[in-house]
Amino acid sequence: MKALVVYAHPTPDSLCAAARDRVLAGLAAAGHEVRLLDLYADGFVPELSSWEREHHLDDPSTKPDIAAHADHLRWCDTLVLVYPTWYSGQPAMLKGWIDRVWVRGVAYELPEGGNRIRPLLQHIRRIVVVTTHGSPKWVNVVQGEGGKRVAFRSLRVLCSRRCRTTWLALYGADTGSHELRTAFLDRVERTVRSLR
Amino acid sequence: MQVLVVLAHPTAGSLNHAIADRACTALRTAGHEVHLLDLYALGFRAAMSADERAAYHTDQPILDPLVREHAQLVRTAEAFVFVYPTWWSSMPAVLKGWLERVFVPGVGFKFNEAGKVRPALGHVRRLVGISTYGSPWPYVKAVNDNGRRTIMRTIRINTGTFTRTNWLGLYAVDTATAEQRERFLERVERRMRSL
Numbered sequence: 001m002k003a004l005v006v007y008a009h010p011t012p013d014s015l016c017a018a019a020r021d022r023v024l025a026g027l028a029a030a031g032h033e034v035r036l037l038d039l040y041a042d043g044f045v046p047e048l049s050s051w052e053r054e055h056h057l058d059d060p061s062t063k064p065d066i067a068a069h070a071d072h073l074r075w076c077d078t079l080v081l082v083y084p085t086w087y088s089g090q091p092a093m094l095k096g097w098i099d100r101v102w103v104r105g106v107a108y109e110l111p112e113g114g115n116r117i118r119p120l121l122q123h124i125r126r127i128v129v130v131t132t133h134g135s136p137k138w139v140n141v142v143q144g145e146g147g148k149r150v151a152f153r154s155l156r157v158l159c160s161r162r163c164r165t166t167w168l169a170l171y172g173a174d175t176g177s178h179e180l181r182t183a184f185l186d187r188v189e190r191t192v193r194s195l196r
Numbered sequence: 001m002q003v004l005v006v007l008a009h010p011t012a013g014s015l016n017h018a019i020a021d022r023a024c025t026a027l028r029t030a031g032h033e034v035h036l037l038d039l040y041a042l043g044f045r046a047a048m049s050a051d052e053r054a055a056y057h058t059d060q061p062i063l064d065p066l067v068r069e070h071a072q073l074v075r076t077a078e079a080f081v082f083v084y085p086t087w088w089s090s091m092p093a094v095l096k097g098w099l100e101r102v103f104v105p106g107v108g109f110k111f112n113e114a115g116k117v118r119p120a121l122g123h124v125r126r127l128v129g130i131s132t133y134g135s136p137w138p139y140v141k142a143v144n145d146n147g148r149r150t151i152m153r154t155i156r157i158n159t160g161t162f163t164r165t166n167w168l169g170l171y172a173v174d175t176a177t178a179e180q181r182e183r184f185l186e187r188v189e190r191r192m193r194s195l
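See below:
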């Protein structure tokens with residue numbers, strides 16, 4: 001397995017940072033090839049620029065800023081997103097990575113004059129999301145679980161038709177006990193290690 | 001009413017800019033006090049920084065003067081109008097980041113003594129979203145309109161159940177004719193004038 005781990009949390013002592021480490025440990029224990037993108041540490045710019053917007057249909061080879069990221073997406077067969085759920089979705093840093101990197105020629109093709117996109121990431125056969133929610137699960141259900149749907153619908157339709165999904169979430173992290181967090185981290189590592 | 005219009009599109013001269021212009025003009029004609037925040041033009045930074053994250057649960061969660069200014073506008077607003085292009089079924093990073101950095105505890109919501117989230121935007125009577133979509137309507141529905149849900153559910157939980165909502169969407173915008181775009185702008189204008 002070739003796993004691309006995309007991690008987006010600003011502080012190194014966060015629960016998400018711990019979850020990222022357990023993801024990496026699980027993947028290493030299973031002997032998978034791993035690449036890690038730490039968007040904050042890499043100083044990734046999440047704002048899609050005016051130039052990028054105007055050239056959003058241009059060939060990706062004209063966009064050197066995202067070339068390395070595009071290569072990682074083309075290389076992997078498993079995508080692992082690790083992030084805190086804020087306002088029911090991916091943090092701006094991760095949303096910006098999707099906005100800027102999942103462009104035409106990398107993630108999808110748009111037929112001339114059409115408006116239905118065609119997938120280009122059919123080699124990705126699994127998307128794993130590891131995320132923490134401050135609020136309990138029922139609140140996220142009422143809110144419509146936007147983050148889950150962005151990952152498992154909007155992104156998944158650009159991947160393999162048989163792309164499988166794995167949702168590893170901690171709810172109620174704001175008020176959760178130490179045991180709850182430990183159990184979550186253990187579950188993350190165990191599940192990731194058993195991925196095939 | 002005090003209306004806060006929040007625009008998130010990188011290109012001046014875009015359809016989204018035209019929408020925001022029309023909306024502001026119509027709202028002013030109707031006698032409302034309008035404040036437009038063009039996030040890209042203001043150079044608003046999308047990502048919450050490590051310092052901001054560390055300060056989030058303290059008494060002083062706002063560190064950036066621009067965010068402080070916006071938080072003050074949010075506190076006095078009686079209506080929000082969000083104007084943005086839908087990308088990957090959600091809002092552009094800069095608008096998502098605006099919510100994360102401005103709607104902090106004490107502005108967008110508050111924590112009660114048990115650490116539970118409680119509404120703090122009870123002064124907001126009206127919530128409007130206006131968005132353009134590259135995809136046609138059935139596709140947007142199939143993948144779920146997550147930007148719309150973030151505003152109409154996640155934000156609305158914090159404004160309260162008496163807040164009225166409006167959603168105006170232009171679908172398949174890439175293949176829309178000039179006439180369809182103009183019709184949409186007129187619809188925006190009509191809707192904003194009667195708010």
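These protein sequence lines map, in sequence, to chains A and B. First residue of the first sequence: 1, per our numbering; consecutive thereafter. First residue of the second sequence: 1, per our numbering; consecutive thereafter. Glycine residues also receive a C-beta, built at the ideal position from the N, C-alpha and C atoms. From a predicted model like this one, the values you see are computed outputs, not experimental measurements.
For residue i, report the span of its beta strand (DSSP E) as first-last.
{"i": "Lys2 of chain A", "result": "Lys2 to Tyr7"}
{"i": "Phe111 of chain B", "result": "Phe109 to Phe111"}
{"i": "Arg85 of chain B", "result": "The displayed chain sequence assigns Pro, not Arg, to residue 85 of chain B. Looking at the DSSP string, the run of the beta strand (DSSP E) that includes Pro85 of chain B is Ala79 to Thr86."}
{"i": "His178 of chain A", "result": "Segment His178 to Arg193 is the alpha helix (DSSP H) holding His178 of chain A; no beta strand (DSSP E) there."}
{"i": "Arg127 of chain A", "result": "In the sequence as presented, Arg is not what sits at residue 127 of chain A; that position holds Ile. Run containing Ile127 of chain A: Arg126 to His133, per the beta strand (DSSP E) assignment."}
{"i": "Asn166 of chain B", "result": "Arg164 to Leu170"}
{"i": "Asp38 of chain A", "result": "Glu33 to Asp38"}
{"i": "Phe164 of chain A", "result": "Sequence check: residue 164 of chain A is Arg here, not Phe. Unbroken beta strand (DSSP E) run through Arg164 of chain A: Arg164 to Leu170."}
{"i": "Glu33 of chain B", "result": "Glu33 to Asp38"}
{"i": "Val141 of chain A", "result": "From DSSP, Val141 of chain A is part of no beta strand (DSSP E) but of the alpha helix (DSSP H) over Lys137 to Gln143."}
Of the choices the options, whose alpha-carbon is the least far from that of residue i?
{"i": "Thr166 of chain A", "options": "A:Asp13, A:Arg193 and A:Gln143", "result": "A:Arg193"}
{"i": "Leu127 of chain B", "options": "B:His35, B:Val107 and B:Phe80", "result": "B:Phe80"}
{"i": "His72 of chain A", "options": "A:Gly43, A:Lys95 and A:His123", "result": "A:His123"}
{"i": "Ala23 of chain B", "options": "B:Val34, B:Arg153 and B:Ser14", "result": "B:Val34"}
{"i": "Arg45 of chain B", "options": "B:Leu63, B:Ala54 and B:Gly31", "result": "B:Leu63"}
{"i": "Trp87 of chain B", "options": "A:Ser88, A:Cys76, A:Val103 and A:Thr78", "result": "A:Val103"}
{"i": "Val5 of chain A", "options": "A:Cys16, A:Ser14 and A:Arg20", "result": "A:Arg20"}
{"i": "Arg118 of chain A", "options": "A:Ser160, A:Trp97, A:Arg126 and A:Gly96", "result": "A:Ser160"}
{"i": "Ala71 of chain B", "options": "B:Val107, B:His17 and B:Asp51", "result": "B:Val107"}
{"i": "Arg28 of chain B", "options": "B:Ile155, B:Thr76 and B:Met1", "result": "B:Met1"}
{"i": "Arg35 of chain A", "options": "A:Cys76, A:Gly134 and A:Arg187", "result": "A:Cys76"}
{"i": "Arg214 of chain A", "options": "A:Arg153, A:Leu168 and A:Ala169", "result": "Any property of residue 214 of chain A remains undetermined from this structure, which presents chain A solely from 1 to 196."}
{"i": "Pro119 of chain B", "options": "B:Arg153, B:Ala47 and B:Asp51", "result": "B:Arg153"}
{"i": "Glu113 of chain B", "options": "A:Thr78, A:Arg187 and A:Asp174", "result": "A:Asp174"}
{"i": "Val83 of chain B", "options": "B:Asn16, B:Met192, B:Arg190 and B:Arg181", "result": "B:Asn16"}
{"i": "Glu78 of chain B", "options": "B:Arg68, B:Arg164 and B:Gln180", "result": "B:Arg164"}
{"i": "Leu185 of chain A", "options": "A:Leu195, A:Leu168, A:Pro136 and A:Ala70", "result": "A:Leu168"}
Going by beta-carbon coordinates alone, are residue i and residue j separated by less than 9 Å?
{"i": "Ala266 of chain B", "j": "Ser135 of chain B", "result": "Here chain B comprises residues numbered 1 to 195, so residue 266 of chain B is not present and cannot be evaluated."}
{"i": "Val130 of chain A", "j": "Val23 of chain A", "result": "yes"}
{"i": "Val6 of chain B", "j": "Leu121 of chain B", "result": "no"}
{"i": "Ala8 of chain B", "j": "Pro85 of chain B", "result": "yes"}
{"i": "Arg183 of chain B", "j": "Gly169 of chain B", "result": "no"}
{"i": "Ala68 of chain A", "j": "Ser61 of chain A", "result": "no"}
{"i": "Asn115 of chain A", "j": "Asp145 of chain B", "result": "no"}
{"i": "Leu121 of chain A", "j": "Val101 of chain A", "result": "no"}
{"i": "Thr150 of chain B", "j": "Gly146 of chain A", "result": "yes"}
{"i": "Arg164 of chain A", "j": "Arg126 of chain A", "result": "yes"}
{"i": "Leu170 of chain A", "j": "Val128 of chain A", "result": "no"}
At 9 Å on the CB atoms, spell out the chain A contacts of residue i, in chain order.
{"i": "Leu163 of chain B", "result": "The sequence shown places Thr at residue 163 of chain B, rather than the Leu named in the question. By Cβ distance, chain A contributes nothing, its closest Cβ being about 15 Å from Thr163 of chain B, past 9 Å."}
{"i": "Arg153 of chain B", "result": "Ser88, Val142, Gln143, Gly144 and Gly146"}
Residues of chain A with a CB under 7 Å from the CB of residue i: which are they?
{"i": "Ala50 of chain B", "result": "Pro10 and Thr11"}
{"i": "Gly169 of chain B", "result": "The contacting residues do not exist; Gly169 of chain B stays about 14 Å from chain A at best."}
{"i": "Ala172 of chain B", "result": "Asn115"}
{"i": "Thr150 of chain B", "result": "Tyr87, Ser88, Gly89 and Gly146"}
Name the chain B residues whose beta carbon is nearer than 9 Å to that of residue i?
{"i": "Leu48 of chain A", "result": "Pro10, Trp87, Pro92, Ala93 and Val94"}
For the alpha helix (DSSP H) that residue i lies in, which residues bound it at each end?
{"i": "Glu52 of chain B", "result": "Ala50 to Ala55"}
{"i": "Val67 of chain B", "result": "Pro65 to Thr76"}
{"i": "Arg153 of chain B", "result": "It is not in any alpha helix (DSSP H) - Arg153 of chain B carries neither H nor E in the DSSP assignment."}
{"i": "His69 of chain A", "result": "Ala67 to Trp75"}
{"i": "Trp98 of chain B", "result": "Ala93 to Val102"}
{"i": "Tyr139 of chain B", "result": "Trp137 to Val143"}
{"i": "Ile130 of chain B", "result": "Taken as a continuous stretch (DSSP letters only), Ile130 of chain B belongs to no alpha helix (DSSP H), being part of the beta strand (DSSP E) at Arg126 to Tyr133."}
{"i": "Ala18 of chain B", "result": "Leu15 to Thr29"}
{"i": "Glu47 of chain A", "result": "First-last for Glu47 of chain A: undefined, no H or E at that position."}
{"i": "Asp99 of chain A", "result": "Ala92 to Val101"}
Just to make sure I have the definition right: I need the residues of chain B whose C-beta is within less than 7 Å of the C-beta of residue i. Which are they?
{"i": "Thr62 of chain A", "result": "The contacting residues do not exist; Thr62 of chain A stays about 17 Å from chain B at best."}
Closer than 8 Å by beta-carbon distance: list the chain B residues that pair up with residue i, in chain order.
{"i": "Thr175 of chain A", "result": "Ala114, Gly115 and Lys116"}
{"i": "Arg53 of chain A", "result": "His9, Pro10, Thr11 and Ser14"}
CB of residue i to nearest heavy atom of the ligand MN: below 8 Å?
{"i": "Gly96 of chain A", "result": "Inclusion of the ligand MN in the displayed structure is not the case, the ligand content being empty and no account of it being possible."}
What residues from chain A crowd round residue i, counting only those whose CB sits closer than 8 Å?
{"i": "Ala47 of chain B", "result": "Pro10, Tyr40, Pro46, Pro91, Ala92, Met93 and Gly96"}
{"i": "Thr177 of chain B", "result": "Residues of chain A passing the Cβ test: none, with the nearest at roughly 13 Å."}
{"i": "Ala54 of chain B", "result": "Thr11"}
{"i": "Val6 of chain B", "result": "Within chain A, no residue comes near Val6 of chain B; the closest Cβ sits about 14 Å away, beyond 8 Å."}
Short of 9 Å Cβ to Cβ, which residues in the stretch 91-104 of chain A face chain B?
Pro91, Ala92, Met93, Leu94, Lys95, Gly96, Trp97, Ile98, Asp99, Arg100 and Trp102
Any residues in the stretch 73-84 of chain A with a beta carbon nearer than 8 Å to a beta carbon of chain B? Which ones, in chain order?
none
Using a Cβ-Cβ cut-off of less than 7 Å, list which residues of the stretch 69-93 of chain B approach chain A; keep chain order.
Trp87, Trp88, Ser89, Ser90, Pro92 and Ala93
Residues of the stretch 95-118 of chain B whose Cβ lies closer than 9 Å to any Cβ of chain A, in chain order
Leu95, Lys96, Gly97, Trp98, Leu99, Glu100, Arg101, Phe103, Gly108, Phe111, Ala114, Gly115, Lys116 and Val117
Can you pull out the residues from the stretch 149-164 of chain A whose beta carbon lies closer than 8 Å to at least one beta carbon of chain B?
Arg149, Val150, Arg153, Ser154, Leu155 and Val157
With 8 Å as the limit, tell me which residues of the stretch 117-139 of chain B have their beta carbon closer than that to any beta carbon of chain A; keep them in chain order.
Val117, Gly134, Ser135, Pro136 and Tyr139
For the stretch 127-139 of chain A, enumerate the residues whose C-beta is nearer than 8 Å to any C-beta of chain B, in chain order.
Gly134, Ser135 and Val139
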